[in-house]
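Residue numbers for the sequence shown follow this note's numbering, so the first one is 4 and each next one is one higher. Just so it is clear, CB atoms sit at the ideal spot from N, CA and C, and this is done for glycine as well. On a predicted model such as this, the values are computed, not experimentally measured, just so you know. The structure appears right after this line, and notes come after that.
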Amino acid sequence: MGQVGFSAGLEYGGRRLPIQYIYDNRIALVSESTRKYSNIPKELYEDYLNDLKKSAYIHDKFIASNKVEVDFGTIDTDTLSLILEAANNLAKAFKNNAEK
């Protein structure tokens, strides 16, 4: 049996590159291993992390401890919006960087 969820991403190099994974009970942050696998430049990933650090909770509980699965029950709508906005900014920056 599979999981309920979806991913949001972008078209790059003739393939779909997922950036944000969302499940029925949690949302995944972009990990360092995902960054490497997807060839996302380190400076763009650092900008993504800096966006996420606007939430002390996300920074302390996830970024500082290298955890990526954020349970919806532990965050409010503002934090969810922050995570989605950071992923959107990362995707846009990655696409713009790739088009140069």
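Cα-Cα separation, residue i to residue j
i	j	result
residue 92	residue 30	16 Å
residue 97	residue 78	27 Å
residue 46	residue 38	11 Å
residue 67	residue 80	22 Å
Other residues of its chain near residue i: CB distance less than 7 Å, five sequence neighbours each side excluded
i	result
residue 41	20
residue 57	85
Opposing strand residues paired with residue i [DSSP bridges]
i	result
residue 102	Answer is none; residue 102 lacks a bridge partner.
residue 9	25
Close beta carbons around residue i, own chain, < 8 Å, minus the five adjacent residues each side
i	result
residue 33	22, 23, 43, 48, 51, 71, 90, 93
residue 76	28
Supposed contact pair residue j and residue i - C-beta distance, whole angstroms, cut 8 Å
i	j	result
residue 8	residue 25	6 Å
Any alpha helix (DSSP H) of 4 or more consecutive residues that is wholly inside the region 23 to 88
35 to 40, 45 to 55
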